[in-house]
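*Asks:* Here the protein sequences come in this chain order: V and C.
Note that the first sequence covers residues 18 to 313 in my numbering.
Note that the second sequence covers residues 14 to 258 in my numbering.
This structure is in structure tokens; I'll ask about it shortly.
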Amino acid sequence: MMQVIADGLVAASFITLGVVGLSMIYNILNFPTFAQGDHIAVGAYFALGVVALAGTAGSVAGLSFGWPLILGLFCAAVLTAVVALALDRAIFAQLRRRDASRISLIMASFGVALMLRYMIVMAAGHDPHYYAFAITPALNLGGVRIQPNELISIAVTVAMVVGLHLFLTRTWLGRSMRAVSENPTLARVNGIDVGRVVRWTWIIGAGMAAVAGVLLGVVVQIHPFMGFELLLPMFAALIVGGMTNIYGAVLGAVLIGLAEALTIRYLAPEYRQAVSFIAVFVVLMVRPQGILGEKP
Amino acid sequence: MSAPVPHLAVDDLVAGYVPDVPILRGMTLSVATGEIVTVLGPNGAGKSTLVKAVAGLVPARSGEIRVKGGSIRGLATHRLVAAGVAYVPQTENVFTRLSVEENLELGGLSAPAEVRARMAEMYALFPDLARLRRLAAGRLSGGQRQMVAVARALMARPHLIMLDEPSAGLSPKLTEMVFQKLEEVRRTGVTLLVVEQNARAALAISDRGYVLAEGRQRFTGTARELLSSPEVGELYLGTRTRLAS
């Protein structure tokens, strides 16, 4: 059972880093962006570019990768944030200015997602890639076998979620984000520059997605559809945990990750995606606002 | 000798949410420094639109809005705080998911170094809030929320505060308490523009008032004049009964 929990937490780490940004964007910009999955892939490919330029250069602390990938992780976060900001300025900001409906913004995000996905295909092809081919022995932690790369994924995710919590509760910008997510008009009246908050939302959301992409690339592999494949569990986590609550999204990600691991262990890997649908169905029947969500 | 510059001057203001469908149709108003001025009028008269237009939330199509002589027409809403103007909306005027303390901290966003000192002043002015400071604002009663909303607005040390129906939804006792607090706020040197339906309670603490109808000023005068005007009474009560009677 502990092995299933460990496997579930590894799956949850990728979902968490993606869904936190999805939740922030939903709550501040008022639409769920379907491009969030592809931010994950874009981040993974940016890091791959850095690794291709700098080389794999050995390994750090028993991991399968070296310093070039750590540099690549930071570059990926920054460059993906820049891409998201540019796309917001070119597309979503124009739609907001025209008071576009939520469905228009969602459809635009579909378009952005497809554009990003096939730009990756054009640039790097369909074939999967790997940051490194080094094989690292699994650790045995009290009978639970876990790869160092998987352990680092969980650790990075926990650190980023804690960091985000501190950011949201202890900094002016974080509090401004919470204010805008609840009541943008009152936030403006309070002197909060909503445009600045929107920009930081994309930076943090896309940056965290890029980190998810790099970690997923390290643990599994890099391919153009890697983010798209994570989109369903991310949306399931968002709905299960509660659309209006970022901590609910984290809880949802953990539950979906664990449910996926249980499915793989006791049913069959093919049913893994179905479990997200079932979880959404059950939550919508029992508690439509999600576990930690507020009633509209 | 030239006349003193009004603290807030609204001149021939035309404003509305949609172009060519004005709600305010040439509104003129002035508030002197240190005054409490109340804007009255029946539903749909344009009272809320007036303060929203001053706050930059409703586009001003023509006319002028000046604060201490300087134009603020077209100023982005988030820059209003820096201009010394605070606005307390009628509804949804607190961040319900944030604690009372976090609400006040957000109000002091423009001067973070002063937040602690300013918050102590707010707790002295509204002692109930000190007791409730860790509570989510969404769990407060209507009167307590109104206190949080006013305190939040005061955190930025505004020289002018505009309140949209501060007594909306409050019991007569709470209404009296809110207006008492507004008088205390005025004594701290703040000028107030209050939009109200509760004419008697608002005029009781006001120096002057304006009565709006169909987006224009219908009557103006001192609070005493408006309270004893049969025309104003008719507009409110449907009979030529004075509000003061």
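For glycine and all other residues, C-beta sits at the position ideal for the given N, C-alpha and C.
Just so we're clear, the structure is a prediction, and the values are computed from it rather than from any experiment.
Evaluate V/Ile123 with the Cβ neighbour count: other Cβ atoms within 10 Å of its Cβ, from every protein chain shown; 16 or more gives buried, anything less gives exposed.
*Replies:* Classification for V/Ile123: exposed.
*Asks:* Anyone know if the C-beta pair for V/Ile108 and V/Thr218 falls short of 9 Å?
*Replies:* no
*Asks:* Is there a Cβ of chain V sitting closer than 9 Å to that of C/Thr90, yes or no?
*Replies:* yes
*Asks:* Should the region 77-93 of chain C be regarded as contacting the region 117-126 of chain C, the criterion being three or more beta carbon pairs within less than 8 Å?
*Replies:* no
*Asks:* Buried or exposed: which applies to V/Leu158, given that a residue is buried once 16 or more other Cβ atoms fall within 10 Å of its Cβ?
*Replies:* exposed
*Asks:* Which first and last residues belong to the alpha helix (DSSP H) in which C/Phe192 is found?
*Replies:* 185-200
*Asks:* Can you grab the Cα-Cα spacing for the pair C/Arg237 / C/Leu216, in whole Å?
*Replies:* 8 Å
*Asks:* Can you check the region 196-273 of chain V for any beta strand (DSSP E) of at least 3 residues that lies completely inside it and give the ranges in chain order?
*Replies:* none
*Asks:* Identify which residue in C/Tyr30, C/Leu176, C/His172 has its Cα closest to the Cα of C/Gln210.
*Replies:* C/Leu176
*Asks:* Scan the region 72-102 of chain C for residues whose Cβ lies nearer than 9 Å to a Cβ of chain V and list them as they occur along the chain.
*Replies:* Ala89, Thr90, His91, Arg92, Leu93, Val94, Ala95, Ala99, Tyr100, Val101, Pro102
*Asks:* Assuming the contact rule is C-beta atoms closer than 8 Å, C/Gly228 and C/Met40 should be a hit. Round their C-beta distance to whole Å, please.
*Replies:* 7 Å
*Asks:* Would you please verify whether the beta carbon of C/Ser180 is less than 9 Å from any beta carbon of chain V?
*Replies:* When Cβ-Cβ separations below 9 Å define contact, C/Ser180 makes no contact with chain V.
*Asks:* Would you list, in chain order, the members of the region 118-129 of chain C that have their beta-carbon closer than 8 Å to a beta-carbon of chain V?
*Replies:* Here the close residues are Glu118, Leu119, Gly120, Leu122, Ser123, Pro125.
*Asks:* Would a C-beta distance cut-off of 9 Å place V/Gly38 and V/Ala223 closer than the cut-off?
*Replies:* Note that the C-beta distance between V/Gly38 and V/Ala223 is below 9 Å.
*Asks:* Could you pull out every residue in the same chain whose Cβ sits closer than 7 Å to the Cβ of V/Met225, ignoring the five residues on either side in sequence?
*Replies:* Excluding sequence positions up to five before and after V/Met225, its CB lies within less than 7 Å of the CB of Leu34, Val37, Gly38, Met177, all in the same chain and listed in chain order.
*Asks:* Does V/Ser193 get closer than 9 Å to chain C when you measure Cβ to Cβ?
*Replies:* Look at V/Ser193: its C-beta is under 9 Å from a C-beta on chain C.
*Asks:* Within 9 Å (strictly less), CB to CB, does C/Val67 reach chain V?
*Replies:* no
*Asks:* Over what stretch of residues does the alpha helix (DSSP H) that includes V/Asn44 continue unbroken?
*Replies:* Per DSSP, V/Asn44 belongs to the alpha helix (DSSP H) from 19-46.
*Asks:* According to the Cβ coordinates, are V/His146 and V/Thr97 closer than 9 Å?
*Replies:* no
*Asks:* Below 8 Å between beta carbons is the criterion; list the residues of the region 206-224 of chain V that meet it against any residue of chain C, in chain order.
*Replies:* Here the close residues are Val206, Asn207, Gly208, Ile209, Asp210, Val211.
*Asks:* Does V/Asn200 come within less than 9 Å of chain C when only Cβ atoms are used?
*Replies:* yes
*Asks:* With C-beta atoms as the reference, is V/Leu203 less than 9 Å away from C/Glu105?
*Replies:* Contact: yes.
*Asks:* Mind checking if V/Leu181 is an interface residue toward chain C, Cβ cutoff 9 Å exclusive?
*Replies:* no
*Asks:* Ends of the alpha helix (DSSP H) at C/Gln300?
*Replies:* There is no way to answer for residue 300 of chain C, as the model of chain C reaches only from 14 to 258.
*Asks:* With DSSP as the reference, please indicate the residues paired to C/Ser219 in a beta bridge.
*Replies:* Answer by DSSP bridge pairing: none, since C/Ser219 is not bridged.
*Asks:* With C/Ser260 and C/Val50 assumed to form a contact (beta carbons below 8 Å), what rounded beta-carbon distance in angstroms separates them?
*Replies:* Within the shown structure, residues of chain C are numbered from 14 to 258, placing residue 260 of chain C beyond reach of any answer.
*Asks:* Comparing the CB of V/Asp55 with every heavy atom of the ligand SAH, is any distance shorter than 8 Å?
*Replies:* Judged by which ligands are present, the structure shown has none, so any question about the ligand SAH falls away.
*Asks:* So what does DSSP say about C/Met40, is it helix, strand or coil?
*Replies:* Under the three-state reduction of DSSP, C/Met40 is assigned to strand.
*Asks:* From C/Leu187 to V/Arg205, what distance separates their C-alpha atoms?
*Replies:* One C-alpha to the other measures close to 28 Å.
*Asks:* Can you list, in chain order, the residues of its chain with a C-beta nearer than 7 Å to that of V/Leu268? Leave out the 5 residues immediately preceding and following it.
*Replies:* Gly258, Ile308, Leu309
*Asks:* Identify, in the order they occur along the chain, each residue of the same chain with its Cβ nearer than 7 Å to the Cβ of V/Asn47, setting aside the five sequence neighbours on each side.
*Replies:* Arg119
*Asks:* Return the chain-ordered list of same chain residues with a C-beta closer than 8 Å to the C-beta of V/Val228, the five sequence neighbours on each side being excluded.
*Replies:* These residues qualify, in order along the chain: Leu34, Gly60, Leu90, Ala93, Ala94, Val173, Met177.
*Asks:* May I ask you to list the residues that DSSP assigns as paired with V/Ala71?
*Replies:* V/Ala71 is not bridged to any residue.
*Asks:* Are the CB atoms of V/Ile220 and V/Leu70 within a distance shorter than 9 Å?
*Replies:* no
*Asks:* With C/Gly76 as the anchor, note down where its beta strand (DSSP E) starts and where it stops.
*Replies:* Boundaries of the beta strand (DSSP E) harbouring C/Gly76: 73-80, taken from the DSSP string.
*Asks:* Identify every run of the beta strand (DSSP E) within the region 119-206 of chain V, keeping only runs that are complete inside it and at least 3 residues long; order them along the chain.
*Replies:* 156-158, 161-163
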